[in-house]
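Here the structure comes first, spelled out in structure tokens, and everything after it is commentary.
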Amino acid sequence: MAAAPDEGRIRTPGAKVFLDPIHGHIEVDPLSVKIIDTPQFQRLRNIKQLGGGYWVYPGACHNRFEHSLGVYHLAGCLITEIQSKQGDHLPITDEDVLCVKIAGLCHDLGHGPFSHLFDRQFMKQAVPGCTWEHEDASTAMFDHLIEQNGIKLEKYGLTKKDQVFIKELIKQPAEEQPAEEQPAGAQQAGAQPAGAQPAGPQPAGAQPAGAQPARVWHYKGRDEEKGFLYQIISNSVNGMDVDKWDYFARDSHYTGLPKRFDHMRLIQSARVIKVDGKWQICYRDKVCCIMHCRLHAWLNVYNMFHTRACLHHECYQHKTTVAVEMMITDALLKADDKFQDKYQLHMKISEACQHMDTYARLTDSIFDKILYSKGDKLKEARDILENLAKRKLYRFIGQTQARDEFFEESGPSTKEIAKAVTDQEKIKITAEDIAVIRVNVNYGKGKNNPVDDVRFWTKDNPDKAIKLEKEELSEMLPQKFADKFWRVYCKKQLDKESIKEVERRFELFLLKKKDMTTPQKQVVPGSKDLSGQGARRDLTADLEDASAKDD
């Protein structure tokens with residue numbers, strides 16, 4: 001394991017220091033060093049962080065390994081910041097700190113080849129109705145790693161309950177829900193009639209008549225008083241978490257795209273405050289609102305979500321990224337039940353994620369194994385990857401915005417598009433040659449402003465959480481936080497003239513179907529606008545106008 005040179009600092013025996021291009025020197029505790037120095041963790045060196053994005057941005061060669069180190073580091077920064085400022089009344093133990101850091105380190109152990117391509121595209125098509133997510137494999141792989149490498153957590157002061165806590169931080173159980181209520185009209189034996197006052201004194205802790213049902217705490221690793229710890233790695237409350245902070249910074253760095261927010265400023269202003277009876281991580285108001293701090297700059301919290309939208313527009317959902325990932329997915333689907341390697345798999349690729357011994361050997365290397373395979377068994381899969389290697393990509397035909405009610409349904413069918421673009425004399429295209437991709441672009445909360453779910457504190461009252469109202473924020477905030485598209489690709493290899501004819505016919509098809517499209521006002525050189533308006537547009541122009549993108 002390579003580490004940064006010793007700078008003469010006194011460190012815990014067994015700890016190591018890594019030099020990271022994003023966060024500088026990262027000191028790693030002895031237990032985490034043990035975890036890192038295992039085959040199961042080292043596997044992450046061979047899984048690209050951005051999947052098909054590497055074919056668009058040649059600098060985006062970073063892997064899940066370094067991202068995991070970054071999340072470990074930021075998780076430690078955030079929890080120790082809270083501990084140092086509020087440790088007197090928040091019961092944060094050293095074991096809590098260690099568990100949170102390890103969860104950050106191990107949260108992506110379950111990613112498959114090319115990261116999200118595997119769980120969001122390949123698995124969903126290979127196993128229809130599949131609900132498996134990479135977090136499921138991350139918790140299973142964590143247990144597998146600990147067992148296979150003989151790591152004794154108790155040697156480092158951790159218990160079985162702490163192991164459960166780490167896995168809950170990685171894959172959170174169901175959200176807190178009200179206690180199950182009785183059906184209307186149901187009445188337990190001996191209960192008082194509706195409206196009657198209970199006779200005699202009530203037991204201590206008894207719930208008053210008409211009171212709201214008590215919340216059920218579904219977590220086993222930590223009690224509700226430590227619920228804020230579950231917001232550090234993956235924050236289901238408002239999306240402000242260290243996982244995103246690292247990959248926004250890291251992906252921006254390696255793609256060359258701008259990063260427009262300062263995660264360290266957020267960490268330094270973090271406080272835990274009760275919101276509606278539950279502990280929540282909140283931030284100083286001046287990190288959000290330029291009206292408060294009188295700076296002529298964008299809002300820092302808003303900019304976090306804006307950075308996310310930019311990355312989705314310009315990288316994660318880039319039209320070429322999507323084309324590349326479709327090709328890799330199709331190759332994996334063709335190879336699913338044919339790929340047998342005595343050194344790697346003895347089952348379908350889609351079954352490997354249920355068997356950690358096998359899954360631990362499944363990485364991006366499967367691309368080269370298929371590409372350089374021999375014989376007819378993998379020929380169809382190999383042909384797709386050979387085209388990719390020659391940059392003969394699935395052809396982007398065009399895209400159209402869709403109204404909400406249309407977008408939620410099926411959209412244009414591959415059959416009707418194939419029929420519309422086929423020229424019986426020159427071009428013959430089947431439904432199998434057409435791919436219709438639904439793109440949902442938002443800031444992280446669908447149509448809503450994600451900052452609405454973030455709570456803040458003020459210098460004058462640091463223990464009271466407040467919500468910043470719209471009129472307190474800059475008028476530069478967008479009025480729209482979501483954009484939706486149907487994007488169409490042709491998988492068949494065609495000559496340039498045929499491609500132009502297919503594009504022309506697709507435009508005519510949309511003109512006839514323009515009742516399903518939304519007029520596009522922005523006319524900027526960029527991607528093709530095939531809404532029937534004849535305009536051309538750039539997705540980033542929509543972003544600056546206020547549209548955005550989802551994870």
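Position one of the sequence shown corresponds to residue 1 (UniProt numbering), numbered consecutively onward.
Virtual Cβ for every residue (Gly too), placed ideally from N, Cα, C.
Where residue i falls: helix, strand or coil (DSSP)
{"i": "glutamate 507", "result": "helix"}
{"i": "lysine 48", "result": "strand"}
{"i": "glutamine 40", "result": "helix"}
{"i": "threonine 12", "result": "coil"}
{"i": "serine 236", "result": "coil"}
{"i": "lysine 101", "result": "helix"}
{"i": "serine 269", "result": "coil"}
{"i": "tryptophan 132", "result": "coil"}
{"i": "phenylalanine 65", "result": "helix"}
{"i": "residue 561", "result": "The first residue shown for the chain is 1 and the last is 551, placing residue 561 beyond what the model contains."}
{"i": "aspartate 336", "result": "coil"}
{"i": "phenylalanine 456", "result": "strand"}
{"i": "isoleucine 366", "result": "helix"}
{"i": "isoleucine 466", "result": "strand"}
{"i": "histidine 144", "result": "helix"}
{"i": "arginine 120", "result": "helix"}
{"i": "valine 56", "result": "coil"}
{"i": "tyrosine 316", "result": "helix"}
{"i": "histidine 263", "result": "helix"}
{"i": "isoleucine 151", "result": "coil"}
{"i": "histidine 292", "result": "Only weak support exists for where histidine 292 lies, its pLDDT of 46 falling under 50; the coordinates are left without a value."}
{"i": "glycine 76", "result": "helix"}
{"i": "proline 203", "result": "Reliability fails at proline 203, whose pLDDT of 44 lies under 50, so the model's placement of it is uncertain and the value that follows must be treated cautiously. Coil, per DSSP."}
{"i": "proline 450", "result": "helix"}
{"i": "threonine 321", "result": "helix"}
{"i": "tyrosine 230", "result": "helix"}
{"i": "glutamine 493", "result": "coil"}
{"i": "serine 498", "result": "helix"}
{"i": "aspartate 376", "result": "coil"}
Residue i, enclosing alpha helix (DSSP H) - first and last residue
{"i": "cysteine 282", "result": "No alpha helix (DSSP H) holds cysteine 282; the beta strand (DSSP E) holding it covers 278 to 284."}
{"i": "valine 33", "result": "30 to 36"}
{"i": "asparagine 300", "result": "300 to 311"}
{"i": "asparagine 387", "result": "379 to 389"}
{"i": "valine 164", "result": "160 to 170"}
{"i": "tryptophan 245", "result": "242 to 255"}
{"i": "alanine 126", "result": "123 to 126"}
{"i": "tyrosine 359", "result": "356 to 359"}
Paired residues, beta bridge with residue i - DSSP
{"i": "leucine 19", "result": "His25"}
{"i": "leucine 345", "result": "Asp341"}
{"i": "serine 115", "result": "Gly112"}
{"i": "lysine 274", "result": "Trp279"}
{"i": "aspartate 423", "result": "Ile427"}
Span of the beta strand (DSSP E) around residue i
{"i": "tyrosine 489", "result": "482 to 490"}
{"i": "isoleucine 437", "result": "434 to 442"}
{"i": "glutamine 399", "result": "395 to 401"}
Exposure of residue i, with buried meaning 16 or more beta-carbon neighbours within 10 Å
{"i": "histidine 306", "result": "buried"}
{"i": "arginine 246", "result": "The question names arginine, but residue 246 in the sequence shown is aspartate. Looking at its Cβ environment, which holds 16 or more other Cβ atoms inside 10 Å, aspartate 246 is buried."}
{"i": "arginine 64", "result": "buried"}
{"i": "asparagine 300", "result": "buried"}
{"i": "cysteine 282", "result": "buried"}
{"i": "histidine 89", "result": "exposed"}
{"i": "asparagine 235", "result": "buried"}
{"i": "methionine 141", "result": "buried"}
{"i": "tyrosine 302", "result": "buried"}
{"i": "tyrosine 219", "result": "buried"}
{"i": "lysine 374", "result": "exposed"}
{"i": "histidine 346", "result": "exposed"}
{"i": "glutamine 401", "result": "buried"}
{"i": "glutamate 154", "result": "exposed"}
{"i": "alanine 389", "result": "exposed"}
{"i": "glycine 129", "result": "exposed"}
{"i": "aspartate 460", "result": "exposed"}
{"i": "glutamine 49", "result": "buried"}
Any C-beta of chain B under 9 Å from that of residue i
{"i": "leucine 153", "result": "Judged by its chain identifiers, the structure shown contains no chain B, having just a single protein chain."}
The segment 310 to 318 contacting the segment 447 to 464, beta-carbon criterion three pairs below 8 Å: Counting Cβ pairs under 8 Å, fewer than three are found: no touch.
The segment 96 to 103 contacting the segment 22 to 41, beta-carbon criterion three pairs below 8 Å: Yes: the two stretches touch, three or more of their Cβ pairs being nearer than 8 Å.
The segment 77 to 84 contacting the segment 107 to 118, beta-carbon criterion three pairs below 8 Å: no
Cβ pair count under 8 Å reaching 3, the segment 425 to 445 against the segment 481 to 494: yes
Cβ pair count under 8 Å reaching 3, the segment 371 to 384 against the segment 331 to 340: yes
Given 8 Å, three or more beta-carbon pairs between the segment 38 to 54 and the segment 141 to 149: yes
Touch test, the segment 116 to 126 against the segment 336 to 356, Cβ-Cβ under 8 Å, three pairs minimum: Flag = yes, the segment 116 to 126 and the segment 336 to 356 touch.
Any 3 or more C-beta pairs closer than 8 Å across the segment 241 to 261 and the segment 52 to 64: yes
The segment 223 to 233 contacting the segment 264 to 284, beta-carbon criterion three pairs below 8 Å: yes
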